[in-house]
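S.K.:
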Amino acid sequence: MEWLEISGSSVLVPRYPIAIIHFLGGAFVGTAPNFTYRWLLEELAKEGYAIIATPFVNTFDHLAIARNVLNRFEGILDRLQTNNSLGQGYLPIYGIGHSMGCKLHLLIGSLFSVERAGNVLISFNNYPVKKAIPFLEQLDIENYLNLEFTPSTDETKLIIEKDYLVRRNLLVKFTDDNIDETKILEPILDDKYPNLIALQTLSGNHLTPLSQDIKWEAGEIFTPLDAVGQWVKQAFSRDLYRLKNEILRWLNPGRIV
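Sequential numbering from 4 applies to the sequence shown in our numbering.
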């Protein structure tokens, strides 16, 4: 499998896809998801999931971003279906988002007519501008410029409560993530769709989905440096593998991972 660039998005299609994943990354790192989230996305593709990773440039208008990434995703999907890259049978579509990507998937699932088998929402974050852009906390300029995301934090929660139509969701939070707001999102979704919301708390931090599996091969003679290298590899890889396995288990509950 090789990454393809289609309409400015990164696409990875296995030979016999079993489902489609629309992936949206976090603010800033979401501009090049095939690099920043490469390991995780390629591992999912190895299991048969076609990946359409839509990059975006963060602006204050999150609704416009959501509309744009959805339009691009649907255009790419039509193209792949037309050239038969996805086969001829029905394939379920899942959304996977990290950080701001979660908010975008929640807006898409609330305000647009889409068919989704479910969403995986990793490290949900819905901070207002003042907290999302740290230096604004030291500057009293927002009162003059009236800076805020659209929709705002409170508006986003109301939209989800009223209009979110994706029933099955996996929420993932990490033990050392101090900007995660899953605890705010989980009761909102659980009230709407009881027994269809899964919450997993895993070891790691907000950047765990961005980790890459470190390749370290010891030399003919095992040295202290090799020991350090193996330890670093295990430390970085452990949380990443657990994240991958939890996603795969939720996507296909009958599969043993």
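Glycine included, each C-beta is placed from N, C-alpha and C at the ideal position.
Please report how far the alpha carbon of Tyr130 lies from the alpha carbon of Leu15, in whole angstroms.
M.R.: Taking the straight line from one Cα to the other gives about 31 Å.
S.K.: Relative to the alpha-carbon of Phe2, which residue among Lys247, Glu118 and Leu213 has its alpha-carbon at the smallest distance?
M.R.: For the chain, the structure presents residues 4 to 260; residue 2 sits outside this window and is missing.
S.K.: With a cut-off of 8 Å, do at least 3 Cβ pairs link the region 61–81 to the region 167–176?
M.R.: Flag = no, the region 61–81 and the region 167–176 do not touch.
S.K.: Can you round the beta-carbon distance between Leu114 and Asp166 to whole angstroms, since I take them to be within the 8 Å contact cut?
M.R.: With a Cβ gap of about 6 Å, Leu114 and Asp166 count as contacting.
S.K.: Any heavy atom of the ligand ZN closer than 7 Å to the beta-carbon of Pro95?
M.R.: The ligand content of the structure shown is nil, which means the ligand ZN is not present either.
S.K.: Arg284 to Ser10, Cα distance in whole Å?
M.R.: The question about residue 284 has no answer here: the residues shown for the chain are numbered 4 through 260.
S.K.: Can you look up Asp229 in the DSSP assignment and give me helix, strand or coil?
M.R.: Confidence at Asp229 is low in this model, with a pLDDT of 39, below 50, so the placement of that residue should be treated as unreliable; the coordinate-derived value is given next. Helix at Asp229.
S.K.: Which runs of the alpha helix (DSSP H), 4 residues or longer, sit entirely within the region 74–125?
M.R.: Fully enclosed alpha helix (DSSP H) runs of 4 or longer: 103–114.
S.K.: Work out the CA separation of Asn37 and Gly257 for me, nearest whole Å.
M.R.: Looking at the two C-alpha atoms, the distance is approximately 28 Å.
S.K.: How many angstroms separate the CA atom of Gly98 from the CA atom of Asn255?
M.R.: Distance between the alpha carbons of Gly98 and Asn255: 14 Å.
S.K.: Kindly identify the DSSP beta-bridge partner or partners of Ser13.
M.R.: DSSP, once it has assigned bridges, lists Glu8 and Ala56 as partnering Ser13.
S.K.: Report yes if the C-beta distance between Leu107 and Ala48 is below 8 Å; otherwise report no.
M.R.: Cβ atoms of Leu107 and Ala48: not closer than 8 Å.
S.K.: Once DSSP output is grouped into helix, strand and coil, what is the label at Arg163?
M.R.: Reading off the sequence shown, one finds Ile at residue 163, where the question assumed Arg. It is helical.
S.K.: Just the Cα atoms here: how many angstroms apart are Trp6 and Ser13?
M.R.: Their Cα atoms are separated by approximately 6 Å.
S.K.: Could you pull out every residue in the same chain whose Cβ sits closer than 7 Å to the Cβ of Asp180, ignoring the five residues on either side in sequence?
M.R.: Same-chain partners within the cutoff: Ser126, Asn208 and His209.
S.K.: Among Val72, Leu43, Gly90 and Arg41, which one has its Cα closest to the Cα of Leu27?
M.R.: For Leu27, the nearest C-alpha among the options comes from Val72.
S.K.: Check the DSSP bridge columns for Lys176 and list the partner residues they point to.
M.R.: Note: Lys176 sits in a beta bridge opposite Thr204.
S.K.: With a cut-off of 8 Å on the beta carbons, I'd call Ile191 and Glu158 a contact; round off their distance for me.
M.R.: Not really, about 13 Å apart at Cβ, beyond 8 Å.
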